[in-house]
Amino acid sequence: MTTETRTETHGFQTEVKQLLHLMIHSLYSNKEIFLRELISNASDAAEKLRFEALSNGSLYENDGDLKISISFDKDAKTLTVEDNGIGMSRDDVIEHLGTIAKSGTAQFLSQLTGDQNKDSQLIGQFGVGFYSSFIVADKVEVYTRKAGLPVAEGVHWVSEGEGEFTIGDVEKAGRGTRIVLHLKEGEESFADGFALRGLVRKYSDHISIPVIMQKEAEPNLGEEGEEETAPQTPEDETVNSATALWTRNKSEVKDEEYQEFYKHISHDFSDALTWAHNRVEGNLEYTSLLYVPEKAPYDLWNREAPRGLKLYVQRVFIMDQAEEFLPLYLRFMKGIVDTKDLSLNVSREILQKDESVSKLRTALTKRVLDMLIKLGKNDKEKYAKFWAEFGQVLKEGPAEDYANREKILKLMRFSSTHNDNDEQNVSLDEYIERMQEGQDKIYFVVADNYNTAKNSPHLEIFRKKGIEVLLLTDRIDDWMMSQLFNYSEKAFQDVAKGELDLDETVTDEEKKEQEEAAKELEGLVERLKSSLDDKVSEVRITHRLTDSPACVVLGAHDMGLQMRQIMEAAGQAVPDTKPAFEVNPDHPLIKKLDSEADEDRFADLALVLFDQAGLAAGAQLDDPASYVARLNKLLLELSA
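In UniProt numbering, the protein residues as written are 1 to 640.
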């Protein structure tokens, strides 16, 4: 190796400096994880070379035996991890080892809680595994050359994990990357062959690339047991099984192995919540290993973020994030798919047009939904964790995947008037089981938060009659419900929209009383129409209220309040619609209003009741100051 040329010193990004400081001084409780991360990165580099070489065999440079080598020097206190994979160019090194902006580090730092155990679990969600080297090393050197580049275009990167790194040109005969860790005082155990072999077998036994270490030479003993001067020549040995885990029979794979493989492909430090391993033969042959993470990634709501499964064709790595195999609402899923039904020279453009891809997408989507349905049925505690992390993104599904709408709805969980808390744990099937005799609708109300939904005046008649109502409070709910019409042959009904039809629960005597009340208050209805003419579509007597004097009701096909507020906040135009104003004929305030002779006072009372009804429904007042002024005026009159 010749002397370096064109040596430059660069400063780390501010976020990288902060991250390195945290990782080195506080975050990691399990230091040995760094070796798994380095081996995973090396394995990825080998798989990427294998894919690139499909169209350019010269990239192998007459060395097609892909491997990862681990060596150590106890005296020098160094540990070296080397691969002969794709390698990096100078620009690659600066981009990948000098900045981690792509990993969302700023957002990661903002989510730190100060709890080391919780914070350490965030690391894996942000793809910063390489930097874990600095937990055990006070200096890290990287020697690398990208496959296909000249020997003279090797790169040497070195940093002590503080504020800067140095990068220079160096001759490197072999392609790939060699990482040299200069171990800190007290970390000498990572320069021990027995310990390193144990860590490889513990964390990386599942990867399909062989991990090579030298057998430690045993001394030649003389007749009296004394060591002779010439030790045995050390030999290389493979210390991992080097068999792709998904190719093994699932009865032979331990849960611990499944979890470690998940961490390998996802770079997540937490365990997976659940997984499914299947081999399918017949018209469509494939093997899939699909994982549901325990925690949502930081970029879950970025629909443009890279996502997808690792794609293999007959065990040859093709693509790292093949997004075509699962719909967008399942973007949180991790895993691999290995198939014989795609061409080895498949590219992203061809992948989008291949008929087998559509068949695989259909099969894998069904596999994921069935796995989640099974989880919800057999382990409610685990499913509650899943729903808390991924429920909102799953709610995108009914609109995006009509063919699987019934299955997706089976996975939904909601808050409900059946429970006394805001936990979203009621399924539609459970709701239907509790429906009253003759009830043919699934009733729900949408609001900004649980308390607004729970205390909505629209629920009063349902509580009186013991009819359960779903309480929907996620920001996506109003949009989602606008896409849904029925489930299991039961129609959805928003209790805050349209005229309420509860005929199946109303007796003939009640109907007669309602008709008489409506006739008795015809004059009041006309006066209210006159006072609220520019604010309402109509005024009518209602029997949906038992405690409140009035409520506002949207048209059956009007945009919901929640969706309207979201669009207005985003600067989007919204339809100019007016609600209906319904009054409770049995409420003392309505009776007092009916007897009010002063038209100015009547108008003030009508406007106050209308604004109060809007507030109770979660709406924002167009003119809060006028509402306060009217209310104060009425209070002063009462106290006079």
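Where is the CB? At the ideal position from N, CA and C, for every residue including glycine.
What you are looking at is a predicted structure, and each value in this text was computed from that prediction instead of being measured.
If you check the CB distance, V608 and P579 do not come in under 7 angstroms. Y402 counts as exposed, since fewer than 16 other C-beta atoms from the protein chains shown sit within 10 angstroms of its C-beta. Annotation: the UniProt domain "Histidine kinase/HSP90-like ATPase" (30 to 187) contains the following complete segments of the beta strand (DSSP E) (minimum length 3 residues), in chain order: 68 to 73, 78 to 83, 137 to 145, 154 to 159, 164 to 170 and 176 to 183. Taken in chain order, the whole beta strand (DSSP E) runs of length 3 or more contained in the stretch 527 to 582 are 538 to 541 and 550 to 553. As computed with DSSP, K407 is found in no beta bridge at all. Distance between L545 and V280, taken at the CA atoms: about 57 angstroms.
Per DSSP, the continuous alpha helix (DSSP H) segment holding G391 begins and ends at K380 to L394. For P327, there is no enclosing beta strand (DSSP E), since its DSSP letter is neither H nor E. Closest in alpha carbon position to Q565, among S530, L500, D622 and K511, is D622.
Using a Cβ distance threshold of 7 angstroms, A137 and L181 count as a contacting pair. E433 is classed as exposed because its beta carbon has fewer than 16 other beta carbons within 10 Å across all chains shown. Bounds of the alpha helix (DSSP H) holding M480 are D477 to S482. When secondary structure is reduced to three states using DSSP, W246 falls in the helix class. Each of H96, E599 and Y291 was checked against the Cα of L330, and the nearest Cα belongs to Y291. Secondary structure of V445 (DSSP, three-state): strand. Rounded to the nearest whole angstrom, the C-alpha separation of F317 and R361 is 18 angstroms. DSSP places Q424 outside any alpha helix (DSSP H), giving it a letter other than H or E.
If you draw a straight line from the Cα of T144 to the Cα of E171, it is about 9 angstroms long. Note on N584: 16 or more other CB atoms within 10 angstroms of its CB, so buried under the neighbour-count rule. Segment contact: the stretch 476 to 483 against the stretch 519 to 527, fewer than three CB-CB distances shorter than 8 angstroms; contact not assigned. V495 sits close to Y443, with the two beta carbons spaced by under 7 angstroms. At the C-beta level, L472 and S416 stay beyond 7 angstroms of one another.
By the Cβ rule, the stretch 554 to 570 does not count as touching the stretch 588 to 597, because fewer than three pairs are nearer than 8 angstroms.
Per DSSP, the continuous beta strand (DSSP E) segment holding F492 begins and ends at K490 to D494. Secondary structure note for T452: its alpha helix (DSSP H) is the uninterrupted segment Y450 to K454. Assigned with DSSP and collapsed to three states, S266 falls in helix. Inter-residue distance for Y131 and E160 is about 11 angstroms (C-alpha atoms, whole angstroms). Here R303 carries a coil assignment [DSSP, helix/strand/coil]. Taking a C-beta distance under 7 angstroms as the contact criterion, I209 and I68 qualify as a contact pair.
Between the C-alpha atoms of A517 and Q439 there is a straight-line separation of about 26 angstroms.
Look at K310 here: in three-state DSSP terms it is strand. Straight across, the Cα-Cα distance linking D501 with A399 is about 27 angstroms.
By the Cβ rule, the stretch 150 to 164 does not count as touching the stretch 46 to 63, because fewer than three pairs are nearer than 8 angstroms. Residue environment: K366 is assigned as exposed (fewer than 16 neighbouring CB atoms within 10 Å of its CB, all protein chains considered). Per DSSP, the unbroken beta strand (DSSP E) holding V211 starts and ends at V211 to Q214.
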